[in-house]
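Before any comments, here is the structure.
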Amino acid sequence: MLRRYTWSLLLTALIAASLFGATPASAAQADAAAAASTRASLAAQILRSHRISLATFHSSGFVDHATARQNIVDTASGKAARRSCYGGAPCGSVYLNVSMLRGMLALRNSYTFRVSEIAGGSHSPGSKHYAGKAVDVDIIDGQGVSTANPHFRGFMQRCRALGATEVLGPGDPGHATHIHCGWP
Numbered sequence: 341m342l343r344r345y346t347w348s349l350l351l352t353a354l355i356a357a358s359l360f361g362a363t364p365a366s367a368a369q370a371d372a373a374a375a376a377s378t379r380a381s382l383a384a385q386i387l388r389s390h391r392i393s394l395a396t397f398h399s400s401g402f403v404d405h406a407t408a409r410q411n412i413v414d415t416a417s418g419k420a421a422r423r424s425c426y427g428g429a430p431c432g433s434v435y436l437n438v439s440m441l442r443g444m445l446a447l448r449n450s451y452t453f454r455v456s457e458i459a460g461g462s463h464s465p466g467s468k469h470y471a472g473k474a475v476d477v478d479i480i481d482g483q484g485v486s487t488a489n490p491h492f493r494g495f496m497q498r499c500r501a502l503g504a505t506e507v508l509g510p511g512d513p514g515h516a517t518h519i520h521c522g523w524p
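Taken in order, the sequence shown gives residues 341 to 524; the numbers are from the working numbering.
Have a look at this one:
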């Protein structure tokens, strides 16, 4: 009896799904479309925020279309963010992580800050930047990131509280002048 009931429920679900066009493929497409819409909306909010500044250059001096600002502009337009093609950077493009974008917006509630890199720039091999999951910040509340900035530790703690699992800054090799927050 249980087996017949289970098959009956399954058959009913399949018929309903086919009538309303809810196939696994269309459900996945709907999820992808929702994520893209959310990503674009979050990026647009970042662009409008007067508390988040986005660098229009790379600290290396290399000129390309993969700056932090351009990454957010592209994302707000529904496009993938470009990666740089110099140093160890892999070129190409990547869709920015929604959790990272949400984290950036949440950080503005406590700080003003400048994002120096997202998907662009040259980073260590396998960097979360290349996966669109990391952000570098070089100015917090009008002051450059360093051990002298009274806000750098609090900013790092806030990144962790917002879900970043890779948080580096002054005191960590290669991070004396910026904070790196990477999401899973």
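Built from N, CA and C at the ideal position, the CB exists for glycine as well.
Can you look up residue i in the DSSP assignment and give me helix, strand or coil?
{"i": "Ile-519", "result": "strand"}
{"i": "Ala-298", "result": "Outside the modelled stretch of the chain, which goes from 341 to 524, sits residue 298, for which no answer is possible."}
{"i": "Ile-412", "result": "helix"}
{"i": "Gly-503", "result": "coil"}
{"i": "Asp-534", "result": "Residue 534 falls outside the range modelled here, since the chain spans only 341 to 524, and no answer is possible."}
{"i": "Ala-488", "result": "coil"}
{"i": "Val-438", "result": "helix"}
{"i": "Arg-498", "result": "helix"}
{"i": "Ser-456", "result": "strand"}
Could you tell me the distance, in whole angstroms, from the CA atom of residue i to the CA atom of residue j?
{"i": "Gln-483", "j": "Arg-448", "result": "15 Å"}
{"i": "Val-507", "j": "Arg-442", "result": "16 Å"}
{"i": "Thr-407", "j": "Gly-466", "result": "19 Å"}
{"i": "Thr-452", "j": "Arg-500", "result": "17 Å"}
{"i": "Ala-421", "j": "Ala-395", "result": "14 Å"}
{"i": "Pro-510", "j": "Tyr-426", "result": "25 Å"}
{"i": "Leu-445", "j": "Met-496", "result": "15 Å"}
{"i": "Ala-469", "j": "Pro-513", "result": "Here the sequence assigns His to residue 469, which means Ala is not the residue at that position. Cα to Cα, His-469 sits roughly 17 Å from Pro-513."}
{"i": "Gln-410", "j": "Ile-480", "result": "20 Å"}
Taking the beta carbon of residue i as the centre, do at least 16 other beta carbons fall within 10 Å, making it buried, or is it exposed?
{"i": "Cys-521", "result": "buried"}
{"i": "Thr-487", "result": "exposed"}
{"i": "Ala-504", "result": "buried"}
Assuming the contact rule is C-beta atoms closer than 8 Å, residue i and residue j should be a hit. Round their C-beta distance to whole Å, please.
{"i": "Gly-428", "j": "Ser-462", "result": "5 Å"}
{"i": "Ala-416", "j": "Leu-436", "result": "That pair is no contact at about 10 Å."}
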